[in-house]
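Here numbering that gives the first Met the number 0 is used: the first residue of the sequence shown is 0, the next is one more, and so on. The beta-carbon is built from N, C-alpha and C at its ideal position, and this holds for glycine as well. Read through the structure below, which is laid out as structure tokens, and then see the notes.
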Amino acid sequence: MAAPRSLVVESGGWLLDEDEEKNAESPSEKKLKAEKFPLSPWEFAAAMGVFLVFSTGLLCIYLTMPAAEYEMLRLPRTLADLRLLKDHLATYAQVYPAKFILGYCSTYIFMQTFMIPGTIFMSLLAGALFGVARGLFLVVFNATAGASSCYFLSKLIGRPIINWLWPEKLRYFQAEIAKRREKLLNYMLFLRVTPTLPNLFINLASPIVDIPFHIFFLATVIGLIPASYITVRAGLALGDLRSVKDLYDFKTLAILFLIGSVLLFPTLLKRKRGTVQDLILLRLKYK
0 MAAPRSLVVE SGGWLLDEDE EKNAESPSEK KLKAEKFPLS PWEFAAAMGV FLVFSTGLLC
60 IYLTMPAAEY EMLRLPRTLA DLRLLKDHLA TYAQVYPAKF ILGYCSTYIF MQTFMIPGTI
120 FMSLLAGALF GVARGLFLVV FNATAGASSC YFLSKLIGRP IINWLWPEKL RYFQAEIAKR
180 REKLLNYMLF LRVTPTLPNL FINLASPIVD IPFHIFFLAT VIGLIPASYI TVRAGLALGD
240 LRSVKDLYDF KTLAILFLIG SVLLFPTLLK RKRGTVQDLI LLRLKYK
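Printed below as a string of structure tokens:
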């Protein structure tokens with residue numbers, strides 16, 4: 000399966016560029032998005048309640064941290080912003096390592112839970128401040144925790160949102176999952192490693208199509224490692240990085256698809272065996 004033409008990595012997973020997403024929308028999807036807001040009052044209240052709880056917890060963590068130049072503590076939106084933030088936080092992270100990691104993790108998980116763009120910069124920051132080994136552990140841990148929170152949030156209120164945003168993509172995903180129930184972990188690993196489906200969509204749609212949480216969790220923990228390693232390692236040379244898109248050239252994408260294909264092979268082999276067995280039985284039946 001060919002990779003999308005333009006990709007952005009989020010939390011070790013994948014998202015299409017905004018322009019690509021617009022181009023990929025079908026007329027029916029555009030019509031659905033023009034309709035009324037999908038959440039009922041109860042669902043909207045539940046979503047706001049969860050958001051308020053997470054926001055309050057994040058605020059309490061920041062209020063207990065040592066004083067800092069808070070005007071510098073804003074989410075980076077460009078590599079230039081990230082370089083300034085890294086320079087500002089380098090000393091802070093050395094003086095208060097435990098409290099800094101707590102603040103970093105809570106911010107990352109909050110962003111991942113509520114699908115706030117920018118976790119790619121948080122992953123680069125982990126590599127720049129902590130090195131490859133510790134940075135990779137932090138990114139995979141936070142991305143998995145945030146994806147898990149998003150999974151349960153979607154289980155609560157996600158169905159109308161998914162049906163509103165991506166109805167055709169959801170039907171395709173549901174059909175693919177139904178065909179691969181016996182080797183579901185392999186297929187989910189393939190999706191996590193490769194840019195076949197956006198990471199955001201996988202997090203939201205998984206509980207809707209009845210993917211068990213333990214399968215989702217294992218696929219996320221293992222499948223995020225390759226892309227996260229590339230991103231964290233790039234954070235070591237943050238000053239030389241010109242664009243986020245430079246992280247994933249054709250060679251890198253080819254390697255990731257090769258890894259994903261190896262993970263998907265047991266599923267394809269199972270389907271091939273099943274087809275051969277069906278043909279043999281059919282031949283014996285009508286012999």
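My output table needs one value for residue i: the three-state DSSP class, helix, strand or coil.
i: Thr-77; result: coil
i: Gly-238; result: helix
i: Pro-159; result: helix
i: Leu-124; result: helix
i: Ala-92; result: helix
i: Phe-109; result: helix
i: Met-114; result: coil
Exposed or buried, what is residue i when buried is set at 16 or more other beta-carbons lying within 10 Å of its beta-carbon?
i: Ile-161; result: buried
i: Arg-191; result: buried
i: Val-138; result: buried
i: Val-231; result: buried
i: Ser-105; result: buried
i: Pro-65; result: exposed
i: Pro-96; result: exposed
i: Arg-179; result: buried
i: Gly-56; result: exposed
i: Gln-111; result: buried
Which stretch, first to last residue, makes up the alpha helix (DSSP H) that contains residue i?
i: Leu-57; result: 40 to 62
i: Arg-180; result: Looking at the DSSP string, Arg-180 is not in any alpha helix (DSSP H), and its letter there is neither H nor E.
i: Leu-203; result: 198 to 204
i: Thr-219; result: 212 to 222
Which residue's Cα is closest to the Cα of residue i: the options?
i: Val-243; options: Ala-233, Pro-194 and Asp-209; result: Ala-233
i: Ser-227; options: Arg-82, Cys-149, Met-114 and Leu-124; result: Leu-124
i: Asn-141; options: Glu-42, Gln-93, Tyr-171 and Thr-219; result: Thr-219
i: Lys-98; options: Ile-60, Ala-132, Leu-74 and Asp-86; result: Ile-60
i: Ser-39; options: Gly-157, Leu-128 and Phe-136; result: Gly-157
i: Leu-235; options: Leu-188, Val-131, Ala-174 and Pro-37; result: Val-131
i: Arg-170; options: Asp-209, Tyr-247 and Val-52; result: Asp-209
i: His-213; options: Leu-237, Leu-262, Met-187 and Leu-101; result: Met-187
i: Asn-198; options: Ser-147, Pro-166 and Asn-185; result: Ser-147
i: Arg-241; options: Met-47, Leu-51 and Ala-79; result: Ala-79
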